Structures are given as C-alpha cells and as structure tokens.
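Undergrad:
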Amino acid sequence: MKKKKYIFPGRRIKTELIRNLLDEIPDAIYFKDSKGYLIMVNKAHAEGLGLRPENVIGKTDFDFFPEKEARNMTEDDMKVMQTGESIIDKVERTTRPDGSHHYVSTTKLPRKDQSENIIGIMGITRDITQRSQVEEEKLKITKQAVAALSKAFEMKDKYTSIHALGVAVIAEHITKKLGWPENKVVDIYMAGELHDIGKIAVPMEILSKPAKLNKSEYAIIQEHPQKCFDILSKIKFPSPLSEAVYQHHERLDGSGYPRGLKGNEVIMEARILAVADVLEAMTSHRPYRAALGLDKTLAELKRGAGEIYDRHIVEIAVQLVDEKEELFWRRENDFNL
Ligand SMILES: [Fe+2]
352 MKKKKYIFPG RRIKTELIRN LLDEIPDAIY FKDSKGYLIM VNKAHAEGLG
402 LRPENVIGKT DFDFFPEKEA RNMTEDDMKV MQTGESIIDK VERTTRPDGS
452 HHYVSTTKLP RKDQSENIIG IMGITRDITQ RSQVEEEKLK ITKQAVAALS
502 KAFEMKDKYT SIHALGVAVI AEHITKKLGW PENKVVDIYM AGELHDIGKI
552 AVPMEILSKP AKLNKSEYAI IQEHPQKCFD ILSKIKFPSP LSEAVYQHHE
602 RLDGSGYPRG LKGNEVIMEA RILAVADVLE AMTSHRPYRA ALGLDKTLAE
652 LKRGAGEIYD RHIVEIAVQL VDEKEELFWR RENDFNL
C-alpha cells in the first residue's frame, strides 16, 4: 500500500487548533493592548468573571476588580511592558465581580509585533484557591506546633520564653518594614519564638544564676545555638528558619558564635534576629543585672551598626522604637514577673 503523504495544516486549521486549545484549557488566558484593554480572552477567563468572551473584550481590569487590585494588576502590566521581563507565577488574592475571593497564580509575558516592539501583554492566570487552603491549613498546624514547643519551654524558664516572644514581635516588625512577603514575616516570627529553644538543655542554675557566669558556665550557654539547630532541623520548615536560629549569635565581623561566621555568611534572617535579640535582652531585667534601658541599648546597636550588626536592620530597629510606643514588644503581663 502506498504511504500517504503528510499534509501540513493550513492557516485556518492552525487557527482552529489554537482556538480549541485556548477554550479547553482551564486557566484564564488573555491578551491586552498597551493601554490595558483586553483584546482577546479565552472561555475560562470570561467564565471566571461570569461573562461571555465578547462581553470582556474592550474592557480593562478596572471594569471587573476592586480599584486597589486593578491598580496592582495594571502596575504589573506596565512593568512587563517597560522592562520586557516576564512576571512568572505571581501569587495574589483577587476579588471577582460576584464578591468571591480567589488565590491565583499569574504569569504575564510581553506581547511583541513583528519588529519586536512591545505592544501589550499576554497573561495566564491559574486559580489556586484550593491549593492555598490546604497550605493555609498546614501553616496553621506548624504555627500551633511552634507555639506548643515554646509553651513547653516556658514551663522550664519563663524569663527566656518572654524574651523569645519579644524577639519574635521585633523581628516581625522589622521584616514588615523591609517589605518582605507575608509568608516570610510569619517564618521570622516563628524563628524568634524558637531562637533560644536550645537553652532547654542548659541547667536552670546556670540560666537563673544571679551573678556573672564563669568560663565553663558560659561555654555551656554558648552551646545553645547548636542545640536549637539540632531540635529545629528535625522539622522541615519552608524557609531557612533553623539556619537563622543557628546563626543568631553570629556577628558580621566574625566575633560571634558558634561558627564565627563573617559578612555575607550570616544570612539576613539571622541578622534580623541578632538585632531583635539585643534590643529585647538589653532592655530587659536579667537574673544577674537590671535592665540597661533603651538609650544604652540603642547606643550599643548604633555603635555596632555596619561592624557587628547589619546597618540597615539597626536603622529600621531605631526607626521602629521612634515610631512606636517604647518597648512595644512587651505584653501587659510580662511586667508582673
Ligand atoms: Fe540566644
């Protein structure tokens, strides 16, 4: 039998195939011109808005989403058009015209003409609401497990436990000022809560000794970052939380412990914890000394800024103290100890 010759699909067939693909795909796909007007959308895009594709064409995001969300979307479009760089898998929360909230992952690519001029954007948006709910549930359990660990430690040493919560609050505020995404803010709070958990292995008579520690007692205290790491590395945290805790006594000039890390070897999360730790500890009463006061504490941080502490983080901490109530990390009942 004679072999049939393969015939390449013509333009009409190709267009039909692309149309089929666009309409069968469950992700929202859309094309915008340089002014943000939708010039083509697939079925999933229109259905997500409760409309037919022909009723979406010629509209902008401002016709479908609340102003703040539409503004953010437009800013992203502009960024893609101005830089020519794509935005890949950006997770955002959107509100549909029917009022329902959805988590979506959006990819935006520059749309070019034949001469390679950018003339708009192409976007693909996937609804990840269900996946996000599962992740939120997992995060809730992690937060509860961390709180339980911290509670267990509080039963041994209430002072250190209150200190840890203070560090968590300060570190959380610093990361918010840095503009870090919400998941990283949550992580740094947990790192603060757990940063001294390794002191569970330090005898209480050393932790509560009302005098200066001798050399061997201090050596035992210095083991706590390693112990923290041993405990926390058993949990698969999404960010370098265990490493941040491991490094919280490292200093940029290499004078810290346990590993004497220097400069860039100290990760940003650990630099934040270090500043938060000093701010909380120096302004608090300790079994071996009274609180040193905010002025002395800030002077110490400023003195070490850029040398032993991260300069920018110190600036943010000072700014926070200026803007907020003094000792804003303390809770009412902390004072009753
Ligand atoms: Fe510590």
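Residues in the sequence shown are numbered consecutively from 352, following the numbering used here.
Think of the CB as a built atom: it goes at the ideal place given N, C-alpha and C, for glycine as much as any other residue.
Since the model is a prediction, treat every value here as computed from it, not as a measurement.
Do you know offhand how far leucine 500's Cα is from leucine 545's?
TA: 8 Å
Undergrad: So, is histidine 600 buried or exposed, given that buried needs 16 or more other C-beta atoms within 10 angstroms?
TA: buried
Undergrad: Within a Cβ cutoff of 6 Å, which residues of the same chain sit near tyrosine 381, ignoring the five residues on either side of it in sequence?
TA: Leu389, Val392, His396 and Gly474
Undergrad: Helix, strand or coil: which one does DSSP assign to asparagine 687?
TA: In this prediction, asparagine 687 has a pLDDT of 49, which is less than 50 and means its spatial position is unreliable; what the coordinates show is noted afterwards. Under the three-state reduction of DSSP output, asparagine 687 falls in the helix class.
Undergrad: Distance check for arginine 610 and alanine 570, CA to CA, integer angstroms please.
TA: So the two alpha carbons sit approximately 14 Å from each other.
Undergrad: How many Å lie between arginine 447 and lysine 491 at the Cα?
TA: 26 Å
Undergrad: Do you know how far the Cα of glycine 471 is from the Cα of lysine 386?
TA: 8 Å
Undergrad: Tell me the DSSP secondary structure of proline 576 in three-state form.
TA: helix
Undergrad: Using the three-state DSSP reduction, which class does tyrosine 381 fall into: helix, strand or coil?
TA: strand
Undergrad: Mark glycine 655 as exposed unless 16 or more other C-beta atoms lie within 10 angstroms of its C-beta, in which case mark it buried.
TA: buried
Undergrad: May I have the straight-line CA-CA distance separating lysine 430 from asparagine 423, to the nearest angstrom?
TA: 11 Å
Undergrad: Which residues in the same chain have their Cβ closer than 7 Å to the Cβ of aspartate 428, if we skip the five residues on either side of it in sequence?
TA: Lys383, Gly387, Lys459 and Ile472
Undergrad: Less than 7 Å between the beta carbons of tryptophan 680 and valine 520, yes or no?
TA: yes
Undergrad: If you follow the beta strand (DSSP E) that arginine 690 is part of, which residue opens it and which one closes it?
TA: No information on residue 690 is available, as it lies outside the stretch 352 to 688 that the chain covers here.
Undergrad: CA-CA distance, glycine 605 and lysine 613?
TA: 4 Å
Undergrad: Listed in chain order, which residues are found with a beta carbon closer than 7 Å to a heavy atom of ligand 1?
TA: Residues with their Cβ less than 7 Å from any non-hydrogen atom of ligand 1, running along the chain, are His546, Asp547, His575, Pro576, His599, His600 and Asp628.
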